[in-house]
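Right, one structure below, let's go through it.
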Amino acid sequence: MINSHKFLKSVLDTVTQHISVIDKDGKIVYVNKSWIAFGESNNCSMHNVWDKINYLKECDKSASCGDELGAKAAEGIRDVINKVKDFFYFEYPCHSPYEKRWFMMRVIPFGLEDKEYYVISHENITERVLAEEKVLNQSRIDGLTDIANRRYFDEFLDNEWKRCARLKLPLSLAIIDLDHFKSLNDTYGHQAGDECLKRVGAVLKKFTHRPADLCARYGGEEFAIVLGDTTAENSFDMMNDLIDNIRALGIPNKNSSVIPTLTASVGVATMYPHTCGSKEELISAADKMLYNVKENGRNKVLYFT
1267 MINSHKFLKS VLDTVTQHIS VIDKDGKIVY VNKSWIAFGE SNNCSMHNVW DKINYLKECD
1327 KSASCGDELG AKAAEGIRDV INKVKDFFYF EYPCHSPYEK RWFMMRVIPF GLEDKEYYVI
1387 SHENITERVL AEEKVLNQSR IDGLTDIANR RYFDEFLDNE WKRCARLKLP LSLAIIDLDH
1447 FKSLNDTYGH QAGDECLKRV GAVLKKFTHR PADLCARYGG EEFAIVLGDT TAENSFDMMN
1507 DLIDNIRALG IPNKNSSVIP TLTASVGVAT MYPHTCGSKE ELISAADKML YNVKENGRNK
1567 VLYFT
């Protein structure tokens, strides 16, 4: 006869969802193999002592540090425990430094031997969300340069500001202006100007590889780069590399007062959102640095911290 406990444990250990079971007080009484493996792969220090962890207290701890997702999870679990809701679920991002990831959390109650327990599962829904994002991104892309448009820039910066505030990380913003672009347009024609913008857009893409990065067309000949979890020093170095790359395109601009090829001016600002006022202050600081560059010779980077 099959040992029912070992059989069910083996079945649960084959499930790709990360599953834990808690009691009414929030204490973890069971986790499956996927839950442990995810903890190990993400440097989670509690994966070997899960039976000593209170899931609710961990959520509360995250919430007290400003984690909105932790607060929402704790509230949802308590709603099920207190029978306010029959079940609870929500989708949330859980990005690593190298890839985007999303999960669906579900909380479902069950009873056994006059005791109440709650199954908490986390299912990876990244493939589905990325497919949905691909469709959505069509409305977020600037048709000429093939990078983000201004509308998506505003949305992305708002979300990244909140994320960096929650995790106490630095956030850098660069605003880039193409020097004497009107002169280039007037001299070589609008078709040459459009081709110039396309080539600059392709250069900007090289500097935004992480989920926390975004390059966007900010205005006519202005661009912006958002760099989450990036210090002032690193962003300054990156933007110096960027203007070198733009100069290296060798796009003619013979009537420029700088040099007879295309150059760019960059204003950079870095702030720690958990200690600062708003993303509008970050934009204003980067814009002020850009103005100072344009007033003092162009073709360089100035940064504010």
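Quick note on numbering: the sequence shown equals residues 1267 to 1571 in my numbering. For every residue, glycine included, the Cβ atom is placed at its ideal position computed from N, Cα and C.
Worksheet item: Given a threshold of 16 other Cβ atoms within 10 Å of its Cβ, counted over all protein chains shown, does S1311 qualify as buried or as exposed?
Response: Bear in mind that a pLDDT of 48 at S1311, under 50, signals an unreliable position, so the number given afterwards is only what the model happens to contain. S1311 comes out exposed.
Discussion item. Can you find the residues in the same chain that come closer than 7 Å, C-beta to C-beta, to Y1364, ignoring five residues on each side of it along the sequence?
Written reply: Counting only Cβ-Cβ distances below 7 Å, and skipping sequence neighbours, we find nothing.
Discussion item. So for Y1321, helix, strand or coil by DSSP?
Written reply: helix
Item to complete: Only counting runs of 4 or more residues, tell me where the alpha helix (DSSP H) segments fall wholly within the segment 1321-1382, in order along the chain.
Response: 1321-1330, 1334-1347
Worksheet entry | Nearest-angstrom Cα separation, counted from R1394 out to V1401 | 11 Å
Item to complete: Report the residue ranges of all beta strand (DSSP E) runs contained in full by the segment 1490-1559; include only those spanning at least 3 residues, in chain order.
Response: 1530-1537
Worksheet item: Does the beta-carbon of I1525 have 16 or more other beta-carbons within 10 angstroms, so that it is buried, or is it exposed?
Response: By the neighbour-count rule (16 or more Cβ atoms within 10 Å), I1525 is not buried but exposed.
Worksheet item: Run through DSSP, which three-state label would I1386 get?
Response: strand
Worksheet item: Any idea what DSSP makes of F1473, helix, strand or coil?
Response: In this structure, F1473 counts as coil in the three-state DSSP scheme.
Item to complete: Consult DSSP for S1405 and reduce its assignment to one of helix, strand or coil.
Response: coil
Fill in: For Y1454, three-class secondary structure by DSSP
DSSP, reduced to helix, strand and coil, places Y1454 within a helical segment of the structure shown.
Worksheet item: Between the segment 1436-1451 and the segment 1526-1537, are three or more C-beta pairs nearer than 8 Å?
Response: yes
Item to complete: In angstroms with no decimal places, state the Cα-to-Cα distance between L1410 and R1465.
Response: Each residue's alpha carbon lies about 10 Å from the other.
Discussion item. One question on the structure: do R1432 and D1333 come within less than 8 Å of each other, judged by their Cβ atoms?
Written reply: yes
Practice prompt. Would you kindly report the start and end of the unbroken beta strand (DSSP E) that includes L1480?
Written response: 1479-1483
Discussion item. Looking at chain C, is there any beta carbon in it that lies within less than 8 Å of the beta carbon of E1341?
Written reply: The structure shown contains no chain C, having only a single protein chain.
Worksheet entry | Residues that DSSP places opposite A1414 in a beta bridge | I1407, A1482
Discussion item. If contact is defined by three or more beta carbon pairs under 8 Å, each pair taking one atom from either stretch, is the segment 1538-1550 in contact with the segment 1421-1438?
Written reply: yes
Worksheet entry | C1462 vs I1413 beta-carbon contact at 8 Å | Contact: no.
Worksheet item: Counting Cβ pairs, one atom from each stretch, are 3 or more of them under 8 Å apart for the segment 1533-1546 and the segment 1555-1569?
Response: Segments in contact, yes.
Worksheet item: When the Cα atoms are used, what is the spatial distance from G1292 to V1281?
Response: When rounded, the distance between both Cα atoms is 23 Å.
Discussion item. Using 8 Å for Cβ pairs, my map puts Y1296 next to I1343. What's the rounded Cβ distance?
Written reply: At roughly 16 Å, the Cβ-Cβ gap does not stay under 8 Å, so Y1296 and I1343 are not in contact.
Worksheet entry | E1341 versus T1392: straight-line alpha-carbon distance, rounded | C-alpha separation (whole angstroms): 24 Å.
Discussion item. Relative to the C-alpha of K1520, which candidate in D1479, D1352, L1450, P1436 has its C-alpha closest?
Written reply: Checking every option, the nearest Cα to that of K1520 belongs to L1450.
Fill in: CB-CB length for K1290 against E1379, believed under 8 Å
The distance from the Cβ of K1290 to that of E1379 is about 14 Å, inconsistent with a contact at the 8 Å cut-off.
Discussion item. If I measure Cβ to Cβ from V1492 and keep anything under 7 Å in the same chain, skipping five residues before and after, which residues do I get?
Written reply: F1422, L1423, E1426, L1439, D1479, L1480
Worksheet entry | Beta-carbon spacing of F1353, M1371 below 8 Å | The Cβ atoms of F1353 and M1371 do not sit closer than 8 Å to each other.
Item to complete: Enumerate in chain order the residues of its own chain whose CB-to-CB distance from P1477 is below 6 Å, with the five nearest sequence positions on each side excluded.
Response: H1361, K1366
Discussion item. Pull the bridge partners of A1440 from the DSSP assignment, please.
Written reply: I1491, V1534
Practice prompt. Leaving aside the five residues before and after S1300 along the sequence, list all residues of the same chain whose C-beta is less than 8 Å from its C-beta, in chain order.
Written response: D1279, V1281, T1282, Q1283, H1284, I1285
Worksheet entry | Cα-Cα separation between A1490 and G1467, rounded to whole angstroms | 10 Å
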